[in-house]
Amino acid sequence: MTSHMHWKAGGVSVAGFDHEEDDIPCQDAHAYKIRNDGWLIAAVADGAGSARKSHIGAQAYVEALVNHFSAEPNLSSLPVGHVTDAFIVSVNTVTRELVETYASADISRSDFAATIVMVISNSDGGMFFHVGDGAGAALKLADPSEAAISEPQNGEYANETYFVTMDNWEDHLRVTPFDSGFDTVLLMSDGVTPMAMTKGCKSPFLSFVRPVIQYLLKVDAEVGQDALRNTLTLDKIRAVTGDDKTLFWASKPPLLQT
Numbered sequence: 381m382t383s384h385m386h387w388k389a390g391g392v393s394v395a396g397f398d399h400e401e402d403d404i405p406c407q408d409a410h411a412y413k414i415r416n417d418g419w420l421i422a423a424v425a426d427g428a429g430s431a432r433k434s435h436i437g438a439q440a441y442v443e444a445l446v447n448h449f450s451a452e453p454n455l456s457s458l459p460v461g462h463v464t465d466a467f468i469v470s471v472n473t474v475t476r477e478l479v480e481t482y483a484s485a486d487i488s489r490s491d492f493a494a495t496i497v498m499v500i501s502n503s504d505g506g507m508f509f510h511v512g513d514g515a516g517a518a519l520k521l522a523d524p525s526e527a528a529i530s531e532p533q534n535g536e537y538a539n540e541t542y543f544v545t546m547d548n549w550e551d552h553l554r555v556t557p558f559d560s561g562f563d564t565v566l567l568m569s570d571g572v573t574p575m576a577m578t579k580g581c582k583s584p585f586l587s588f589v590r591p592v593i594q595y596l597l598k599v600d601a602e603v604g605q606d607a608l609r610n611t612l613t614l615d616k617i618r619a620v621t622g623d624d625k626t627l628f629w630a631s632k633p634p635l636l637q638t
């Protein structure tokens, strides 16, 4: 968890119960940076369970995207189309580099398959960039009725989704803007959406989100991280999902001052 002049933010990625039992590493990953000018850049990736190196892909994608946009000097003046193009180039560059790095191991790009949800935001608003399932939300914690939601996108069947290693994955890249009427941003993998979002991911599930965020805002970094990790690994969660779980959160000053 990080305190900053513009944000307080943090996140955890934990292995699901199914993966722990099968000795499979957590295939989720997250990364974020808060710039001195108040811009927040954060990303969550969920590696495909059937892909051999998806945990490596997920980590590589989030790190590359966050590093790229956090270093962009003209971020505040870039048009949406330019940011979208940069997102696509960054993702494709990572995929190519991963395949080249593991070429001797008979690895293809599908072995790094992952979904991605990213947010770029400051106090005036921001945008979600999203491929596949998982979710993003920008909301006012006291009144989430006007929350901006980046919903999951599945394939023909409910258990299918889209990955950034697929052919023409760019066709499934969705950009969702939001304005300044928020104080909290959430990113999550699909292992968290059953707890943090209402059915169909139409809105945040406040009975979960509000007490969690309010607690995290009150405690220091280490205590908050441990508490969030413990929450996502409670035994009662086993009945909901055995998938890996990632939750990233960030709150801006108006909420911190209440």
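Quick note on numbering: the sequence shown equals residues 381 to 638 in the numbering used here.
We put the beta carbon where it would ideally sit given N, CA and C, even for glycine.
These numbers were taken from a predicted model, which means no experiment stands behind them.
Discussion item. Bridge partners for Tyr628 per DSSP, in chain order?
Written reply: Locating residue 628 in the sequence shown gives position 248, counting from the first residue. Here residue 628 is Phe; the residue named in the question, Tyr, does not match the sequence. Paired residue(s): Gly391, Leu567.
Discussion item. Taking its Cβ as the centre, do 16 or more other Cβ atoms sit within 10 Å of Pro641, making it buried, or is it exposed?
Written reply: No statement about residue 641 is possible, as the shown extent of the chain runs from 381 to 638 and does not include it.
Worksheet item: Exposed or buried, which one is Gly396 when buried takes at least 16 other CB atoms within 10 Å?
Response: By 1-based counting over the sequence shown, the position of residue 396 is 16. Buried.
Worksheet item: Would His410 be called buried (16 or more neighbouring beta carbons within 10 Å of its own) or exposed?
Response: On the sequence shown, position 30 is the one that residue 410 refers to. By the 10 Å Cβ count, His410 comes out buried.
Discussion item. Closer than 8 Å is the cut-off here; do at least three beta carbon pairs connect the segment 544–553 with the segment 593–610?
Written reply: Counting C-beta pairs with one atom in each stretch, the segment 544–553 and the segment 593–610 have fewer than three that are closer than 8 Å, which means they do not touch.
Worksheet item: Would you call the segment 565–581 and the segment 504–522 touching, i.e. three or more CB-CB distances under 8 Å?
Response: Yes, the segment 565–581 touches the segment 504–522.
Worksheet item: Based on the DSSP output, what are the partners of Met507 in its beta bridges?
Response: Your numbering for residue 507 matches position 127 in the sequence shown. Met507 pairs with Ile500, Pro557.
Discussion item. Is it the case that the segment 386–394 contacts the segment 417–428, given that we only count it when at least three CB pairs across the two stretches are under 8 Å?
Written reply: The answer is yes - the segment 386–394 touches the segment 417–428, with three or more Cβ pairs under 8 Å.
Worksheet entry | Run of the beta strand (DSSP E) containing Asp408, from where it starts to where it stops | For the purposes of this step, residue 408 is taken as the residue at position 28 of the sequence shown. Per DSSP, Asp408 belongs to the beta strand (DSSP E) from 408–414.
Item to complete: Compute the Euclidean distance between the alpha carbons of Gly391 and Gly506, then round it to the nearest angstrom.
Response: Translated into the one-based positions of the sequence shown, residue 391 becomes position 11. Translated into the one-based positions of the sequence shown, residue 506 becomes position 126. If you take the alpha carbons of Gly391 and Gly506, they lie about 19 Å apart.
Discussion item. Quick check: the Cα distance between Ser530 and Ala451, rounded to an integer number of angstroms?
Written reply: Locating residue 530 in the sequence shown gives position 150, counting from the first residue. Locating residue 451 in the sequence shown gives position 71, counting from the first residue. It is roughly 25 Å from the alpha-carbon of Ser530 to the alpha-carbon of Ala451.
Worksheet item: Rounded to whole angstroms, how far is the Cβ of Tyr630 from the Cβ of Ala422, which I believe are closer than 8 Å?
Response: Here the question's residue 630 lines up with position 250 in the sequence shown. Here the question's residue 422 lines up with position 42 in the sequence shown. The sequence shown places Ala at residue 630, not Tyr. Rounded, the Cβ-Cβ distance is 7 Å, consistent with contact.
Item to complete: Just list the alpha helix (DSSP H) runs in the segment 588–618, keeping only unbroken ones of 4 residues or longer that don't cross its boundaries, in chain order.
Response: Counting only runs of 4 or more residues that sit fully inside the segment 588–618, the alpha helix (DSSP H) segments are 601–612, in chain order.
Worksheet item: Is it the case that the CB of Ser490 approaches a heavy atom of the ligand FAD more closely than 6 Å?
Response: Within the structure as shown, the ligand FAD is missing, as the structure has no ligands at all.
Worksheet item: Given a threshold of 16 other Cβ atoms within 10 Å of its Cβ, counted over all protein chains shown, does Arg489 qualify as buried or as exposed?
Response: Here the question's residue 489 lines up with position 109 in the sequence shown. Taking a 10 Å sphere around the C-beta of Arg489, we find 16 or more other C-beta atoms and assign the residue as buried.
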